[in-house]
Amino acid sequence: MQTLIIIPTYNEIENLQKLTENIFLVLPQTNILVIDDDSPDGTGRLAQSLAGKNHKIKLIQRGGKSGLGSAYIRGFRYALENNYDFVFEMDADFSHNPKYLPEFLKQATQYNLILGSRYIKGGGITEWGILRKLISYAANLYARIILGLPYRDLTGGFKCYSQAALRNLELDSIICEGYGFQIETTYRIYRKGLSIKEIPIVFKGRRRGKSKISRKICFEAFWKVPLLRFRRIYPEPKY
Ligand SMILES: Nc1nc2c(ncn2[C@@H]2O[C@H](COP(=O)(O)OP(=O)(O)OP(=O)(O)O)[C@@H](O)[C@H]2O)c(=O)[nH]1
Ligand SMILES: [Mg+2]
Numbered sequence: 152m153q154t155l156i157i158i159p160t161y162n163e164i165e166n167l168q169k170l171t172e173n174i175f176l177v178l179p180q181t182n183i184l185v186i187d188d189d190s191p192d193g194t195g196r197l198a199q200s201l202a203g204k205n206h207k208i209k210l211i212q213r214g215g216k217s218g219l220g221s222a223y224i225r226g227f228r229y230a231l232e233n234n235y236d237f238v239f240e241m242d243a244d245f246s247h248n249p250k251y252l253p254e255f256l257k258q259a260t261q262y263n264l265i266l267g268s269r270y271i272k273g274g275g276i277t278e279w280g281i282l283r284k285l286i287s288y289a290a291n292l293y294a295r296i297i298l299g300l301p302y303r304d305l306t307g308g309f310k311c312y313s314q315a316a317l318r319n320l321e322l323d324s325i326i327c328e329g330y331g332f333q334i335e336t337t338y339r340i341y342r343k344g345l346s347i348k349e350i351p352i353v354f355k356g357r358r359r360g361k362s363k364i365s366r367k368i369c370f371e372a373f374w375k376v377p378l379l380r381f382r383r384i385y386p387e388p389k390y
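Take 152 as the starting number for the sequence shown in the numbering used here and just add one per residue.
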């Protein structure tokens, strides 16, 4: 059973090394794929040196900041080319605690997609102000109602896909980039009739490094979510 944890990075030099160490403490056999967009703070160079010392750490270095969604799509292609069985999405900033990884994997043997959920019993958010909590909650409600999805946390980025789920994503036709990307990937898997399970996570607000959230990313999700609803027919995947 081969697992790959994809970590997109942009200016995460204060977080990356410690995060990889903590991941290997709970999942010693996993591989980690860092997708760095030429971070000005040298995260890419750090990742290169970590990869040089440990063959379980892989690096894809891209030429410049091209967005979270396209970084994950690049990582998903790598995972399919290399035949990984289970593939995680995880942020670099310790918002996603590695301690949950074994529970994700346990559930992934029974479901095609596991969502780390802040909005079910046992889940939560620490270190976020009321405004950010409200925006996140409203965005989830909006997506849930428009798309008719029975899940509480659609914008979260701590997820585990089976290989079958990845093959069903039809990567060439994904239209969203930021929070919308998380909504779109879950929606596609749901529409294909694959199984999805939410498990509770306590999400911790970023402590080190700077946020990359932007108004553009929030606005994109706002106007593209209704498009997803009415754009039901996706072209055949090209692998
Ligand atoms: N490769 C790549 N990684 C990115 C890009 N934008 C964000 N990331 C990474 O994606 C993950 C999530 O981004 P965050 O900035 O933490 O976004 P957020 O969690 O919504 O907001 P904060 O936690 O407040 O910073 C982090 O690991 C970032 O370094 C990008 O354009 N390219
Ligand atoms: Mg974050």
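C-beta atoms are modelled at their ideal positions from N, C-alpha and C, and glycine is treated no differently.
Which class does residue i belong to by DSSP, given the choice of helix, strand or coil?
i           : result
residue 166 : coil
residue 323 : helix
residue 246 : coil
residue 375 : helix
residue 182 : strand
State the beta-bridge partners of residue i as determined by DSSP.
i           : result
residue 354 : 276
residue 348 : 265
residue 192 : Beta-bridge pairing links residue 192 to no other residue.
residue 304 : Answer is none; residue 304 lacks a bridge partner.
If you follow the beta strand (DSSP E) that residue i is in, where does it begin and where does it stop?
i           : result
residue 312 : 310-313
residue 239 : 237-240
For ligand 2, any of its heavy atoms closer than 7 angstroms to the Cβ of residue i?
i           : result
residue 287 : no
residue 246 : yes
residue 283 : no
residue 213 : no
residue 342 : no
residue 269 : no
residue 357 : yes
How far does the alpha helix (DSSP H) with residue i in it extend, from its first residue to its last?
i           : result
residue 285 : 281-298
residue 159 : Not the alpha helix (DSSP H): residue 159 falls in the beta strand (DSSP E), residues 154-160.
residue 209 : Here residue 209 belongs to no alpha helix (DSSP H); instead the beta strand (DSSP E) covers 208-212.
residue 335 : 330-342
residue 253 : 252-259
residue 364 : First-last for residue 364: undefined, no H or E at that position.
residue 404 : Outside the displayed span of the chain (152 to 390) sits residue 404, for which this structure offers no information.
Taking 7 angstroms as the cut-off, does the CB of residue i come closer than this to any heavy atom belonging to ligand 1?
i           : result
residue 364 : yes
residue 222 : yes
residue 251 : no
residue 163 : yes
residue 243 : yes
residue 216 : yes
residue 159 : yes
residue 186 : yes
I'd like to know whether the C-beta of residue i is nearer than 8 angstroms to at least one C-beta of chain B.
i           : result
residue 325 : This model lacks chain B altogether, as it is built from one protein chain only.
Are the region 268-276 and the region 300-318 touching by the rule of at least three beta carbon pairs closer than 8 angstroms? Counting Cβ pairs under 8 angstroms, three or more are found: they touch.
Under 8 angstroms, with one C-beta from each stretch per pair, do the region 348-361 and the region 312-330 reach the 3-pair mark? Judged by pairs of C-beta atoms under 8 angstroms, the region 348-361 does not touch the region 312-330, as fewer than three such pairs exist.
Does the contact criterion of 3 or more C-beta pairs under 8 angstroms hold for the region 247-254 versus the region 193-201? They do not touch, by the three-pair rule.
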